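Beneath this line is the structure, given in structure tokens, with notes to follow.
Chains as they are written, first to last, in our numbering: chain B, 30 to 352; chain S, 30 to 352.
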């Protein structure tokens with residue numbers, strides 16, 4: 030499976046590193062804000078890794094500067110089977126618009142994103158008809174949460190006739206926040222008093238200042254996370270029964286808490302109980318997001334090959350392991 | 030979705046109770062060794078619940094005695110969309126043969142089993158071509174383990190580039206073992222010195238005697254469980270990296286240990302870690318097996334409606350919640 034990645038931040042680079050360790054996938058194209066690189070025989074993940082923060086993949090061997098790198102990738106649509114949208118989604122309509130461009134540009138294949146916000150995902154789901162008509166298969170919300178943990182909730186729900194609550198509480202530790210500049214701003218946008226626009230407008234120094242107020246830790250409650258709409262769509266529960274929050278430590282690679290999905294429900298015989306899915310602390314956000322996204326990209330291709338088109342959430346599908 | 034259940038033991042009865050709490054499914058046919066009952070407007074789950082151990086569904090209102098109840102259900106093939114095979118699988122070839130009868134009898138729809146043994150599942154997978162040719166969709170190993178926990182392992186694997194180990198350790202507590210006569214014999218068959226034939230040949234008094242030797246508890250290590258072949262088929266790991274064992278208390282409804290799936294792997298950045306999926310102690314074997322099986326039956330119908338036929342393991346698919 031030949032892959033294009035949009036976005037060369039921490040997630041795009043990690044996805045490239047994972048693909049380099051797989052035989053069933055090959056990375057052939059990467060785009061970022063400054064340009065793109067295309068190589069039909071495979072892009073060197075280590076060279077990509079060495080592109081500095083603030084640099085561009087256009088500086089890589091064979092890279093080209095472009096003010097519309099996404100358009101350039103769309104023009105190469107016959108050169109790959111699947112696309113991982115590892116773009117920061119600020120503003121909300123950005124990724125939905127990119128998807129629309131791919132479809133209208135004639136791409137017929139598999140796509141995944143690692144979207145987080147409910148409103149953005151609703152825009153993606155609105156594209157279902159368009160993608161069906163144009164023979165594309167899009168799996169949305171395929172990161173860690175939404176993604177791995179949302180799917181675990183959909184699985185855990187099977188033991189119950191009624192789901193009362195899904196609670197996702199994540200811990201993320203990153204040694205250097207500036208590897209994840211866009212992600213951190215997305216997280217700041219969830220803090221009281223902030224929104225997507227005000228967070229996006231922050232300078233790096235201002236981000237440092239916000240982080241400094243809490244010893245580098247961001248604790249977020251009741252985040253607007255698309256796990257809610259995805260679990261509702263999958264028939265697991267109502268969206269207001271889903272809560273997402275967590276703690277991000279931007280100064281320490283060790284997770285401040287273990288990422289845990291807890292589903293509470295009532296069994297057919299009237300018992301209230303909880304199933305838990307707990308991620309190992311040594312697994313990074315990059316491993317949990319990108320490994321999952323590539324597994325879902327493989328599944329999207331599987332569905333596409335069988336003529337199943339449209340938009341689905343990760344809570345509706347099992348990722349397909351990539352060897 | 031109209032459902033037929035084969036087998037009216039603990040699992041068949043629990044499945045009927047669950048279906049009675051759903052609006053998307055209706056139970057229309059049940060078969061057991063003594064006969065069958067068919068009602069196109071729905072079978073009363075409570076009447077089924079009241080069929081005593083040693084009795085038969087043929088004693089229910091509208092029930093009929095038959096020496097080939099499965100054949101009778103196959104003759105009714107246009108009256109239902111999905112079949113849950115809740116039969117004891119002794120000997121190994123029993124369920125595979127039943128599946129073959131359904132297909133050769135002209136049934137075109139969705140089927141699931143809650144099979145446990147590797148050798149039986151391999152026989153099921155051998156039917157893939159036959160089911161594809163005859164437009165049937167069969168999901169196999171859709172109970173708790175294999176099933177819920179195997180799918181959790183396939184999901185957990187996404188964070189890792191290499192899976193080293195999948196360890197499933199279950200706890201089951203049942204207040205009265207004679208509600209699960211066949212299941213207990215299947216478990217005894219896993220003990221050192223026993224096999225499927227010798228376990229099946231035990232009288233109830235002899236089963237009591239075996240259980241009495243360990244205060245009613247059966248502790249099983251390295252069980253032949255199809256989780257191994259299912260995870261291998263799903264590309265998660267080699268079969269010898271999967272171990273299954275657990276403790277069954279036949280005299281206490283409380284679980285002696287919490288059922289846990291632990292997957293150990295190496296991330297793309299070289300970290301060894303473990304993800305865990307832990308079932309709530311209050312969830313019974315019946316809830317975890319039958320809820321999951323019905324979710325997979327719904328998924329099997331979803332696949333069938335989209336023209337995806339053949340045999341798949343539960344580690345390859347996400348169950349679809351039944352409302």
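C-beta: ideal position from N, C-alpha, C; glycine also.
All values reported here derive from a predicted model rather than from experimental measurement.
Would you call residue 78/B buried or exposed, if buried means 16 or more other Cβ atoms sit within 10 Å of its Cβ?
exposed
Using only alpha-carbon positions, find the residue among 111/S, 298/S, 259/S that is nearest to residue 191/S.
298/S
Among the candidates 86/B, 294/B, 287/B, 123/B, whose CA atom is the shortest distance from the CA of residue 143/B?
Cα-wise, what sits closest to residue 143/B is 123/B.
For residue 69/S and residue 31/S, I'd like the C-alpha separation in whole angstroms.
9 angstroms
On a Cα-Cα basis, can you pick out the residue from 114/S, 41/S, 95/S that is closest to residue 76/S?
41/S
Run down chain B in chain order and give the residues with a C-beta less than 9 angstroms from the C-beta of residue 184/S.
Result: 177, 180, 181, 184, 306, 321, 324, 347, 348.
Is DSSP giving residue 256/S helix, strand or coil here?
In the three-state reduction of the DSSP assignment, residue 256/S falls in the helix class.
State the start and end residues of the unbroken alpha helix (DSSP H) segment that holds residue 102/B.
Taken as a continuous stretch (DSSP letters only), the alpha helix (DSSP H) holding residue 102/B covers 98–104.
Residues of chain S with a CB under 8 angstroms from the CB of residue 311/B: which are they?
What residue 311/B touches in chain S: 296, 300, 301, 302.
Are any of the Cβ atoms in chain S nearer than 9 angstroms to that of residue 139/B?
no
Residue 188/B CB to nearest chain S CB: under 9 angstroms?
So, interface residue.
If you measure beta-carbon to beta-carbon, which residues of the stretch 41–65 of chain B are closer than 8 angstroms to chain S?
For chain S, the residues of the stretch 41–65 of chain B that bring a beta carbon within less than 8 angstroms of one of its beta carbons are 43, 46, 47, 50, 51, in chain order.
Just to check my reading of the structure: residue 213/S and residue 195/S have Cβ atoms closer than 8 angstroms, yes? What is that Cβ distance to the nearest angstrom?
Going by Cβ atoms, the distance from residue 213/S to residue 195/S rounds to 25 angstroms, so no, they are not a contact pair.
Is the number of C-beta pairs between the stretch 311–326 of chain S and the stretch 345–352 of chain S that are closer than 8 angstroms three or more?
yes
Mind checking whether residue 87/B and residue 98/B have CB atoms under 9 angstroms apart?
yes
Mind listing the chain B neighbours of residue 280/S? Cutoff is C-beta to C-beta under 9 angstroms, in chain order.
The premise fails here: residue 280/S is roughly 19 angstroms from chain B at the closest Cβ pair, so nothing lies under 9 angstroms.
Any C-beta of chain S sitting closer than 9 angstroms to the C-beta of residue 79/B?
no
Exposed or buried, which one is residue 193/B when buried takes at least 16 other CB atoms within 10 Å?
exposed
So, helix, strand or coil for residue 352/B, using DSSP?
coil
Contact criterion: CB-CB distance below 9 angstroms. Does residue 317/S meet it with respect to chain B?
yes
Measure from the C-beta of residue 337/S to each C-beta in chain B and report whether the shortest distance is under 9 angstroms.
True, the Cβ-Cβ gap to chain B drops below 9 angstroms.
Name the residue from 241/B, 339/B, 296/B, 136/B whose alpha carbon lies nearest to the alpha carbon of residue 309/S.
296/B
Can you tell me where the alpha helix (DSSP H) holding residue 333/B begins and where it ends?
314–334
Between the stretch 282–290 of chain B and the stretch 263–273 of chain B, do at least 3 Cβ pairs fall closer than 8 angstroms?
Output reads no: the stretch 263–273 of chain B does not touch the stretch 282–290 of chain B.
Would residue 175/B be called buried (16 or more neighbouring beta carbons within 10 Å of its own) or exposed?
Around the CB of residue 175/B, 16 or more other CB atoms lie within 10 Å, so the residue is classed as buried.
Note down, in chain order, all residues in the stretch 256–284 of chain B with a beta-carbon under 8 angstroms from any beta-carbon belonging to chain S.
Within the stretch 256–284 of chain B, 263, 264, 265 place their CB atoms closer than 8 angstroms to a CB of chain S, listed in sequence order.
Run through chain B and tell me which residues come within less than 9 angstroms of residue 194/S, C-beta to C-beta.
Residues of chain B passing the Cβ test: none, with the nearest at roughly 12 angstroms.
Helix or strand or just coil, what does DSSP make of residue 168/B?
strand
Name the residue from 105/B, 245/B, 43/B whose alpha carbon lies nearest to the alpha carbon of residue 65/B.
105/B
How big is the Cα-Cα spacing for residue 338/B and residue 335/S?
10 angstroms
Counting only Cβ pairs nearer than 9 angstroms, list the residues of chain B close to residue 246/S.
In chain order: nothing, as chain B lies at least about 22 angstroms away.
On a CA-only basis, which of 313/B, 189/B, 234/B, 199/B is nearest residue 189/S? Give me that one, please.
313/B
Flag this pair as yes or no: are the beta carbons of residue 246/B and residue 280/B separated by less than 9 angstroms?
In this structure, residue 280/B lies closer than 9 angstroms to residue 246/B by Cβ.
So who's on the other strand from residue 223/S, going by DSSP bridges?
In the DSSP assignment, no residue is bridged to residue 223/S.
Excluding five sequence neighbours on each side, which residues of the same chain lie with their C-beta closer than 7 angstroms to the C-beta of residue 103/B?
Excluding sequence neighbours, residue 103/B sits near 130, 131, 134, 136.
Of all Cβ atoms in chain S, is any one closer than 9 angstroms to the Cβ of residue 351/B?
At a cut-off of 9 angstroms between C-beta atoms, residue 351/B counts as an interface residue with respect to chain S.
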